[in-house]
Each structure stands twice: as structure tokens, then as C-alpha cells.
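Counting from 1, position 190 in the sequence shown corresponds to residue 190 in the UniProt record's numbering; the numbering is continuous, with no gaps. Below is one structure; the comments refer to it alone.
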Amino acid sequence: MSVSSSRTCRGRVRGSGRGSVAVVPLVLSTLVVLATGCHRWEPGVGPDQRHTVNAELGDRGMLLRAGDLGSGWRADDGRTGLPPWPWEQDDCPNYRSSDYSAKSHRRAAVERYYRPSDGSSQAHHVVETYEPGWAERNVDDVRRVLLRCASYPVLGSQVSFDVVDSQYLEGVGMLIRGRIGHADKPNTVTYFVMVKRGETVSTVRLPDLGSRAAVDSIAAQAVVRLG
1 MSVSSSRTCR GRVRGSGRGS VAVVPLVLST LVVLATGCHR WEPGVGPDQR HTVNAELGDR
61 GMLLRAGDLG SGWRADDGRT GLPPWPWEQD DCPNYRSSDY SAKSHRRAAV ERYYRPSDGS
121 SQAHHVVETY EPGWAERNVD DVRRVLLRCA SYPVLGSQVS FDVVDSQYLE GVGMLIRGRI
181 GHADKPNTVT YFVMVKRGET VSTVRLPDLG SRAAVDSIAA QAVVRLG
């Protein structure tokens, strides 16, 4: 999330459907802004540390289909280019992008957005393939981000993460809940499902669907799509 003039936008401005957010300046409308978008400038941090040199677009066959999320969803494949690492936390005071080296060892990555028919919060899916040995290091990097940025303030609201299940899907995944606590309105809640299979990591971001069973069903489909 971008809050200071020292930050520059290296990514894309998101449409208002993605959890009711454009990454800048509507930084508090959804937890989507926790995952992607504009990055603060850091001395010594070049683009190669955010995007793997020579990484390729990945196989879209590993991405969820709209029907995997249930009725009333449609896929949005309008964005091109490599997706950012899903765990950039540029508004967290304890986060420094260069501390997380795994993301610079991606061989391929691909993403897809999903829009619900009622115009509410979008879902997002990223699948990344890493160089040998680096998928596990990526998982370690994610755990470190969740520890360092477990809770931090942004523009009068409080962003927080908690690990709901560290052995999700019989040990192949992790379920994380993200929150933005607001003083004058209900909290914004988003779920993140991360699954690792071999050197491939799948990260699904879901709005609050109202039940754990709905999240579990989509997570199971994400595992199936990995093959």
C-alpha cells in the first residue's frame, strides 16, 4: 500500500472491482493492496529483485477457472506481463523487499483475476514456478513476512495477518486470514490460500465468502489445477 511520496508505482493500477480497490489511492478499501501494486523505493533494490530475470509467463492451465469459484464469477485475463510476488508489503515498517530472495528465482509466473457478478470484491490467483530448491525458500520467505508484518497501521486503519492453518490441505498448504481494522466500519477480511507442489507455488486470494467450507472447496480445486 502506498502512503508516502517516496514511493513510486512500478506495477499496475488495479480497477475498482478488485476488492473495491485501485491500489493508489484507495489503499484501505481491501486487503488486495497488501499483495500487489506500487512499491516504495529502496536504495539498492532494482527490478531484478522484484521480478526474476528471464522469467517467463507460466501455464494458464494451472490457474483456477471461474467455475471453480462457484456460480456468478467470470475470469478476467486482461492483464499481461509477469505478476509481482504476492507478498510484497511495502507499507509495513518492518518490510524490506531485498530481504526476500526467493522471488528473484522464479522461472515462470502467471495470474488471473475473477470478478463476481454482483460487483463485490474480486478474487486473484498467482501460480509461480521456482528454480530447484527455491519454492521451499519462498514458503520460508512468506512465513517471515507474516511474522514481521503481523500487524501494522496504515492511514488510521490496522492491517493484520494471522495463520489460520499452517498444515492446510493435509500439510501441502497454508491458510492465512488478512484483516484491515477500521474504526468506523466493519473490518475488511480476505483469505489467502498458499499451496506448494514440487517447485510450484499457488497463491489464491479470496474475499470473505461467508463460510470456511467455501474457502476449502476453492482451495481443493487449486490443488487439482496444479496436477
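By construction, the Cβ of each residue, glycine as well, lies at the ideal position given by its N, Cα and C atoms.
| request: Please state whether DSSP places A22 in a helix, a strand or coil. | output: Bear in mind that the predicted position of A22 carries a pLDDT of just 26, short of 50, making it unreliable; the figure below should be weighed with that in mind. Coil at A22, not helix or strand.
| query | Straight-line CA distance for G227 to T80? | reply | G227 and T80 have their C-alpha atoms roughly 24 Å apart.
| request: Answer yes or no: do A150 and V127 have a C-beta to C-beta separation smaller than 8 Å? | output: Result no, Cβ atoms of A150 and V127 do not sit closer than 8 Å.
| query | Can you tell me the Cα-Cα spacing of V195 and P93, whole angstroms? | reply | Computed Cα separation, rounded: 27 Å.
| Can the beta-carbon of P186 be found less than 8 Å from the beta-carbon of S121? | Cβ atoms of P186 and S121: not closer than 8 Å.
| request: Could you tell me which residues DSSP pairs with T203 in its beta bridges? | output: T203 pairs with V126, M194.
| query | Which of helix, strand or coil does DSSP assign to V154? | reply | Here V154 carries a strand assignment [DSSP, helix/strand/coil].
| By the 10 Å Cβ neighbour count, where 16 or more other Cβ atoms means buried, how is R74 classified, buried or exposed? | Its Cβ having fewer than 16 others within 10 Å, R74 is exposed.
| query | Excluding five sequence neighbours on each side, which residues of the same chain lie with their C-beta closer than 8 Å to the C-beta of A55? | reply | Taken in chain order, the residues that qualify are L82, R106, R107, A108, A109.
| field | Among W134, L57, L64, E88, the one whose alpha carbon lies nearest that of G198 | value | When only C-alpha atoms are compared, the closest one is W134.
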